[in-house]
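Student:
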Amino acid sequence: NPTAENIARWVCEQIPTCFKVEVRESEGNTVIYEKD
């Protein structure tokens, strides 16, 4: 889901020390974003 991916990326960009964000939209629909 592009929306969940965009939310995860945005959250991670707001926090300088962030390297990984997990967004769970609903049961069975989870996005994990990790900075390179």
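Position in the sequence shown (from 1) plus 1 gives the number in this note's numbering.
Beta carbons are placed, not taken as given, at the ideal position from N, Cα and C, and that holds for glycine.
1. To which residues of the same chain is E6 closer than 7 Å at the C-beta, ignoring the five residues directly before and after it?
2. Out of P3, T4, S27 and R10, which has the shortest C-alpha to C-alpha gap to F38?
3. Once you ignore the five residues that flank V69 on each side, which residues in its own chain have a CB closer than 6 Å to its CB?
4. Relative to the C-alpha of D37, which candidate in N2, R25, G29 and E14 has its C-alpha closest?
Tutor: To lay it out plainly:
1. V32 and Y34
2. Here the chain has residues from 2 to 37 only, and residue 38 is not among them.
3. The displayed coordinates of the chain run from 2 to 37. Any statement about residue 69 would go beyond what the structure contains.
4. E14
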